[in-house]
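2 protein chains.
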Amino acid sequence: MPARLTSFPPDRLATAARRVMARCDELARVTATTGKIERVYLSPEHARVNRLAAEWMREVGMTTRQDAAGNQLGRLEAADAAARALLLGSHLDTVLDAGRFDGIVGVLMALEVVRLLREPVDGGFVSPLPFALEVLAFSDEEGTRFGKALLGSSAVAGSWNDEWWSLEDADGTSLRQAFLEFGLDPARVGEAARRPDELVGYLEAHIEQGPELHRRGESLAVVSSIASARRFQLQVEGEARHAGGTPYDMRRDALLGASEAALAVERICRSEHHIIGTVGQLEAFPGAVNIVPGEARFSLDLRGEFDGERDRVWDAIARDLDEIMGRRGLRWRAREVHNAAAVMCAPLLQDVIREGIVSTLPRGADAPPVIFSRAGHDGMAIGSITDVGMLFLRNPDGISHHPDEAVSAPDVALGIQAFAESVLHLAAEPA
Amino acid sequence: MPARLTSFPPDRLATAARRVMARCDELARVTATTGKIERVYLSPEHARVNRLAAEWMREVGMTTRQDAAGNQLGRLEAADAAARALLLGSHLDTVLDAGRFDGIVGVLMALEVVRLLREPVDGGFVSPLPFALEVLAFSDEEGTRFGKALLGSSAVAGSWNDEWWSLEDADGTSLRQAFLEFGLDPARVGEAARRPDELVGYLEAHIEQGPELHRRGESLAVVSSIASARRFQLQVEGEARHAGGTPYDMRRDALLGASEAALAVERICRSEHHIIGTVGQLEAFPGAVNIVPGEARFSLDLRGEFDGERDRVWDAIARDLDEIMGRRGLRWRAREVHNAAAVMCAPLLQDVIREGIVSTLPRGADAPPVIFSRAGHDGMAIGSITDVGMLFLRNPDGISHHPDEAVSAPDVALGIQAFAESVLHLAAEPA
Chain A
1 MPARLTSFPP DRLATAARRV MARCDELARV TATTGKIERV YLSPEHARVN RLAAEWMREV
61 GMTTRQDAAG NQLGRLEAAD AAARALLLGS HLDTVLDAGR FDGIVGVLMA LEVVRLLREP
121 VDGGFVSPLP FALEVLAFSD EEGTRFGKAL LGSSAVAGSW NDEWWSLEDA DGTSLRQAFL
181 EFGLDPARVG EAARRPDELV GYLEAHIEQG PELHRRGESL AVVSSIASAR RFQLQVEGEA
241 RHAGGTPYDM RRDALLGASE AALAVERICR SEHHIIGTVG QLEAFPGAVN IVPGEARFSL
301 DLRGEFDGER DRVWDAIARD LDEIMGRRGL RWRAREVHNA AAVMCAPLLQ DVIREGIVST
361 LPRGADAPPV IFSRAGHDGM AIGSITDVGM LFLRNPDGIS HHPDEAVSAP DVALGIQAFA
421 ESVLHLAAEP A
Chain B
1 MPARLTSFPP DRLATAARRV MARCDELARV TATTGKIERV YLSPEHARVN RLAAEWMREV
61 GMTTRQDAAG NQLGRLEAAD AAARALLLGS HLDTVLDAGR FDGIVGVLMA LEVVRLLREP
121 VDGGFVSPLP FALEVLAFSD EEGTRFGKAL LGSSAVAGSW NDEWWSLEDA DGTSLRQAFL
181 EFGLDPARVG EAARRPDELV GYLEAHIEQG PELHRRGESL AVVSSIASAR RFQLQVEGEA
241 RHAGGTPYDM RRDALLGASE AALAVERICR SEHHIIGTVG QLEAFPGAVN IVPGEARFSL
301 DLRGEFDGER DRVWDAIARD LDEIMGRRGL RWRAREVHNA AAVMCAPLLQ DVIREGIVST
361 LPRGADAPPV IFSRAGHDGM AIGSITDVGM LFLRNPDGIS HHPDEAVSAP DVALGIQAFA
421 ESVLHLAAEP A
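Protein sequence lines, in the order shown, are assigned to chains A and B.
Sequential numbering of the first sequence, starting at 1, is according to the working numbering.
Sequential numbering of the second sequence, starting at 1, is according to the working numbering.
Here it is in structure tokens:
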């Protein structure tokens, strides 16, 4: 273990945490909707936060670039310019009416880790470690605008799918068009891809987005895996009829079918231990107060720790939908818009994160909690090109994707310490 | 009974019905959405159909005007210029993705009745009856644009409510603003009101918007009353949470509450004989695939033959909503946006419509069916200033508020005959 693997001065950590909190506030003001936080892929707000992030990257000595998919990158070279890079990152995009920490806090903590670890040289800075340090601020993790999540990290992973170009946002703008309007060249998206042989791994700090650490009274956790997820857009077709004149025995009400379906998802998933299903969107068409809905569309987000369990639950839901829609004279179909296998965090990276967390605990404390992430993360895409490790921060009451989303400055300070110590532990491992 | 109360020549009736069908097709092409029929209050399409209707009114010898609420009126004076007027009418606005007959066919049939009954004089025409004839093409019956039905006929009835000015359409345009953009003066809407002492009554022909006549194999029916209706906009509030990270025991999912509510409406109304409840609109907020909905909004349309029964069912629904939302940790509230008492058709007008239908039947046929209208009609507003009578036409399979809405040309020919004979019977009644 190298000599400098010691605790960082508490005042430096507290200052770093305060800066992270202030910058979360600053980024929260970059929003498409005043009074709410809304920052989606390839929007003017995306361009503005990339410029801010680039400025902050340069402030800690990194060279910066925006990649071909709109991700903002900063790099601090190692003494050996041919060294591979350890990626640290998270995302800067948000859901609608978001909180201010999901993703954002991980990017800002990574910058503080770089600030703590860098060493001055020739009026600039280098990574003192056997690898370069990169901070990646991913441009689209949530999938808010185009319904497809992990667009930014998929580009970095080289797993971009050309079918996505025709995805449209709520205004009918295609992903291709949005690229052009943002000033990106769709034909060059492949240039964002990174080669596995130039990477050491990927580490991400993130709020838990769940109540486990809060319930246990712990600040930090090692993440064991990122949940297996599938997303569907479902459509139910019946027949639009006059609301007054159509007796119940002649109705084929698509909205009632969809309502039963939403409740069936809840009932089936509740009966399982580690499966969560959510209907977040539902709309009836034509959507008039005096017309029996002839069509309903809704989304289904399904997550589990293991792929097989998740798929078995989807099969059970599909059987229920057959029964419900058959009984009501409705047709239904599902289009799968997202399918991500569970990603196991690399054992080595779990170990170094555990060591990092241990450095923040009193001697003799219990081992840090190890939990799996029900939420999806950029690591799901990045896991196809390099090892992934994640550090979770306590998220009071588990509230996320909501303006009340929170994290405490003391937990952020502990998180920065653990994150930086993890990187040092990784540097101390035999290559 | 006057000498000319005889059947009209069948070829004149067939020609009239063909013209009505052709004009329904022509009006169907006046739409805001190509390939669908969509014509809402105070839209450019509204102005275009008013111009067409005015042209057709003048063609049968009527003088025309557009009133202060955008209704298109035609008048054929009686020999006695001080005579009261019999109003014949229906509406020209539509729901979204409408059929081509609801409302429209009644306006066009009224014009054919005028054409059959008018008598030439001095190079023009007059009503040969002891009353003037007016055709009213109401501008807003459906309430599609502002959520409030019967705006056109409410203006004629003098029951305009100044609170409506602030109603907004989906684009945020207020009713007041829409009046101005259409070229109408909100301050003068009161001028559209008619005085009871200048009116004989109001007769309307309309497709049934239900399956009764189709099931019975009959072309025409006397309407006994227009259903009692209430409409509500309901809001359910829970808490928006991250879809993956929030376990079921911490969720307060507003959409699941609304889904249960929609199913409760169906269950409670189905257990009643003459009550129909419909949830036509439902939406979840913030409406993202990966957020547990913190809010849901939905509409409820409730109709019955009698006000008391309808209100008792609403009370039962409200009790169910208390239980559902209480159990799920949700809050709910309802805003009543429409409340129309049942309107009984005047016995005299029911009688003359029955006589009119009898004139179309073989001697010795059963008495014409008498049914109540579950759908709302302009007569609900007009009933406050004059007697109302209605004639229903068979509506194959009861399909209405849908592109497949239909009526047959032979039924329209019979309807025109019955309608014209009804007017003659009314003229023959002692004043």
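Backbone N, C-alpha and C fix where the C-beta goes; we use that ideal spot for every residue, glycine too.
Keep in mind that this is a model prediction, so the values were computed, not measured.
When you compare each of the options to residue i by their alpha carbons, which one comes out closest?
i	options	result
G280/B	L234/B, R241/B, G415/B, D307/B	L234/B
I382/A	L263/A, Q177/A, L86/A	L86/A
I276/A	E305/A, P286/A, V126/A	E305/A
V352/B	V223/B, P403/B, T278/B	V223/B
L321/A	A334/A, R312/A, D311/A, R310/A	A334/A
V49/B	T63/B, T94/B, M62/B	T94/B
T441/A	A409/A, S90/A, A110/A	With chain A covering 1 to 431 only, the question about residue 441/A has no answer from this structure.
E239/A	I226/A, G257/A, F232/A	G257/A
A170/B	K148/B, F182/B, R12/B, V370/B	K148/B
L391/B	F182/B, E260/B, Q209/B	Q209/B
S359/B	V337/B, A288/B, A221/B	A221/B
P368/A	R394/A, V121/A, Q72/A, L13/A	R394/A
L73/A	I37/A, L302/A, A79/A, L92/A	L92/A
I371/A	L300/A, A32/A, M344/A	M344/A
R75/B	E168/B, F146/B, L96/B, E198/B	E198/B
E421/B	S139/B, I357/B, A193/B, I385/B	I357/B
R216/A	P396/A, L424/A, A406/A	P396/A
Would you say residue i faces chain A, with C-beta separation under 8 angstroms as the test?
i	result
H273/B	no
P368/B	no
G376/B	yes
T173/B	no
D311/B	no
E208/B	yes
A381/B	no
S154/B	no
E260/B	yes
M1/B	Residue placement at M1/B is poorly supported in this model, since its pLDDT is 38, which falls under 50; the coordinates still yield a value, given next. Chain A contact via Cβ: absent.
E218/B	no
Within the 8 angstroms Cβ cut-off, does residue i reach chain B?
i	result
E204/A	no
M250/A	yes
I276/A	yes
R241/A	yes
R4/A	Residue placement at R4/A is flagged as unreliable, the pLDDT there being 45, under the threshold of 50; a coordinate-derived value is accordingly withheld.
Q235/A	no
N290/A	yes
R231/A	yes
D97/A	yes
G147/A	yes
R335/A	no
E112/A	no
Is the Cβ-Cβ distance between residue i and residue j less than 8 angstroms?
i	j	result
R195/A	W314/A	no
G99/B	S400/B	yes
V20/B	M109/B	yes
E77/A	S127/A	yes
T144/A	V40/A	yes
E272/B	F285/B	no
A178/A	N71/A	no
E119/B	L88/B	no
A254/B	N290/B	no
A68/A	V265/A	no
When DSSP builds the beta bridges, which residues end up paired with residue i?
i	result
D301/B	R231/B, T278/B
A380/A	The sequence shown places Met at residue 380/A, rather than the Ala named in the question. M380/A is not bridged to any residue.
R12/B	Answer is none; R12/B lacks a bridge partner.
F138/A	H91/A
Q72/A	Q66/A, A137/A
M344/A	S225/A
Query raised in the report: How do the stretch 204-216 of chain A and the stretch 347-367 of chain B stand: do at least 3 beta-carbon pairs fall below 8 angstroms, yes or no?
Result: Counting Cβ pairs under 8 angstroms, fewer than three are found: no touch.
Query raised in the report: At a cut of 8 angstroms, does the stretch 388-406 of chain B reach the stretch 102-121 of chain B through at least three beta carbon pairs?
Result: Result yes; three or more Cβ-Cβ pairs closer than 8 angstroms.
Query raised in the report: Touching or not, the stretch 322-341 of chain B and the stretch 236-256 of chain B, by the rule of three or more beta carbon pairs under 8 angstroms?
Result: They touch, by the three-pair rule.
Requested in this report: Determine contact between the stretch 408-424 of chain A and the stretch 371-382 of chain B, defined as no fewer than three beta-carbon pairs at a distance below 8 angstroms.
Outcome: Not touching, per the Cβ criterion.
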